[in-house]
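If you're matching positions, the sequence shown starts at 0 in numbering that gives the first Met the number 0 and goes up one per residue.
Structure first, then comments.
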Amino acid sequence: MSNPAQMAMLKSYQQIIGIGPPALPFILEELQREPNHWFWALKAITNEDPVPAEALGITRKMADAWIDWGRARGLVPA
Numbered sequence: 000m001s002n003p004a005q006m007a008m009l010k011s012y013q014q015i016i017g018i019g020p021p022a023l024p025f026i027l028e029e030l031q032r033e034p035n036h037w038f039w040a041l042k043a044i045t046n047e048d049p050v051p052a053e054a055l056g057i058t059r060k061m062a063d064a065w066i067d068w069g070r071a072r073g074l075v076p077a
């Protein structure tokens, strides 16, 4: 699904958000493997957004910002 807003409304996506913080390592691992639109879920779970304004809309840079965020919190192996 190419539209992130539509994807975020899928029941399965909402269920992952419902898992909460325990889902973060898996989402971040997926971002490392294949940058995709997990940003909505990450923001919903963490109440944070480490993506700098200049990276908005650039999926790889957005993923890298979240991966760095996860690394700083011990959620992503160095």
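Heads up, the beta-carbon is just placed ideally off N, CA and C, and yes, glycines get one too.
Keep in mind the model is a prediction, meaning the values are calculated, not measured.
Burial state of I84 (16 or more Cβ within 10 Å)
Examination of residue 84 is not possible in this model, given that the chain is present from 0 through 77 alone.
Selection from F25, R72 and L9 that minimises the alpha carbon distance to P49
R72
Cβ shell of P69 (< 6 angstroms), same chain only, five flanking positions each side left out
Sequence check: residue 69 is Gly here, not Pro. Within the same chain, L27 and V75 come within 6 angstroms of G69 by CB-CB distance, once the 5 residues on both sides are set aside.
CA nearest to the CA of Y12, picked from P24, F38, E33 and A77:
F38
Confirm, please, whether the CB-CB distance from A52 to I16 is below 8 angstroms.
Taking 8 angstroms as the Cβ cut-off, I16 and A52 do not qualify as a contacting pair.
The alpha helix (DSSP H) spanning D48 covers which residue range?
Unbroken run through D48: none, as it is neither H nor E.
Per-residue burial, M8 [other beta carbons within 10 Å of its own, 16 or more giving buried]
exposed
Where does I26 fall in DSSP's three states?
helix
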